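For the sequence shown, counting from 1, position 149 maps to 149 in the UniProt record's numbering; every step adds exactly one. Where is the CB? At the ideal position from N, CA and C, for every residue including glycine. In this text, all values refer to a predicted model and were calculated from it rather than measured experimentally.
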Amino acid sequence: MNQLINNRISALRALLKRENLEAFIVPETDPHLSEYVAPHWKFRTWMSGFTGSAGTLVVTLDKAGLWTDSRYFLQAAKQLKDTCIDLYKDQLPETPSIQEFLLKNLRPDSQVSVDGKIFSFHEMEQMQAALSSKHLTVTTHFNPIDELWTDRPPMSQIPAFIYELKYAGVTAQQKIDSIRQKIKKQDCTAILLPALDEIAWTLNLRGNDVTHNPVIVSYLLITTDETIFFIDPAKITEKVRLYL
1 MNQLINNRIS ALRALLKREN LEAFIVPETD PHLSEYVAPH WKFRTWMSGF TGSAGTLVVT
61 LDKAGLWTDS RYFLQAAKQL KDTCIDLYKD QLPETPSIQE FLLKNLRPDS QVSVDGKIFS
121 FHEMEQMQAA LSSKHLTVTT HFNPIDELWT DRPPMSQIPA FIYELKYAGV TAQQKIDSIR
181 QKIKKQDCTA ILLPALDEIA WTLNLRGNDV THNPVIVSYL LITTDETIFF IDPAKITEKV
241 RLYL
């Protein structure tokens with residue numbers, strides 16, 4: 001048996017019982033809803049031992065399952081071997097959805113916990129609607145990650161760098177001007193960009209916050225008359241500051 005993973009699942013269940021919760025859903029994403037994430041957000045990997053980029057772990061008081069797509073069926077079967085986690089091959093006819101699994105295995109009026117920072121509002125609405133037939137409630141009031149993952153890696157402090165115009169082809173200002181034109185056509189006043197690849201493209205900036213993905217953890221707000229870049233200031237060098 002993989003005692004390390006099983007002990008982590010048991011520790012999570014103990015916290016669920018303490019908080020009067022029946023389940024915890026663990027996707028591997030970040031507040032930008034990225035598929036490929038920085039080590040700081042790899043809680044599902046830490047909990048399950050499964051290292052694929054796509055997959056969601058669901059832990060109840062007596063069951064645990066991991067849903068992943070066909071890219072990872074063989075890898076997941078190997079990495080989940082000897083754990084208490086069952087593999088659910090997503091999108092196959094015989095595989096229940098996560099919502100169906102919860103409806104089948106939880107008592108009426110149970111509470112399901114998620115980390116609200118890594119679920120979109122739309123996902124929360126869909127989940128709550130799907131579980132309403134059994135009066136199951138999705139809650140964000142308790143997040144066990146910090147309590148369990150005591151050696152969680154910190155966020156990256158690697159500085160951002162400029163992606164040269166000879167490679168980008170178009171300046172950041174030209175891209176921002178084009179975005180502003182589309183904002184005005186839609187009769188809007190601003191657009192918020194949370195996707196890291198979109199931010200990197202728009203600003204012609206790159207980073208090393210995610211392995212094999214040259215992106216910078218940040219947010220970008222473009223209004224009709226200003227551009228606001230939300231980023232850890234420690235990652236902005238003098239060269240990048242002058243560029244911006």
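Check: DSSP-derived helix/strand/coil call for I162; Outcome: strand
Check: Spatial neighbours of W41 in its chain, beta-carbon cut-off 6 Å, leaving aside the 5 residues before and after; Outcome: D30
Check: Beta-carbon proximity list for Q79, same chain, < 6 Å, skipping 5 on both sides; Outcome: G49 and F50
Check: Spatial distance of V114 from K166 (CA atoms); Outcome: 44 Å
Check: Backbone CA spacing between A76 and V210 [nearest angstrom]; Outcome: 22 Å
Check: Within 8 Å, strictly: CB atoms of F101 and G52; Outcome: no
Check: Unbroken beta strand (DSSP E) run spanning Q186, endpoints; Outcome: Unbroken run through Q186: none, as it is neither H nor E.
Check: Whole-angstrom distance between I118 and L87, CA atom to CA atom; Outcome: 22 Å
Check: Beta-ladder partner(s) of W67, from DSSP; Outcome: T56 and Y88
Check: Straight-line gap, S120 to T171 (C-alpha atoms, nearest Å); Outcome: 31 Å
Check: Between the CA atoms of E28 and D90 - distance to the nearest angstrom; Outcome: 15 Å
Check: Nearest candidate by alpha-carbon position, reference residue 245, set N204, D187, M127 and V59; Outcome: No answer is possible for residue 245: it lies beyond the span of the chain, which begins at 1 and ends at 244.
Check: In DSSP terms, what V112 is bridged to; Outcome: A23 and V138
Check: V217 vs A38 beta-carbon contact at 8 Å; Outcome: yes
Check: Beta carbon of P144 nearer than 8 Å to that of L15; Outcome: yes
Check: Start-to-end residues for the alpha helix (DSSP H) that takes in Y219; Outcome: Careful: Y219 lies outside any alpha helix (DSSP H), inside the beta strand (DSSP E) at Y219 to T223.
Check: Candidates I222, R44 and P154, of which the one nearest T202 by Cα; Outcome: I222
Check: Distance cut-off 7 Å: V210 Cβ against heavy atoms of the ligand MG; Outcome: Annotation note on the ligand MG: not contained in the displayed structure, which lists no ligands.
Check: Closest by C-alpha distance to I162, when choosing among D151, V138, A200 and L205; Outcome: L205
Check: Proximity winner among D151, R13, D197 and V26, relative to V215 (alpha-carbon distances); Outcome: D197
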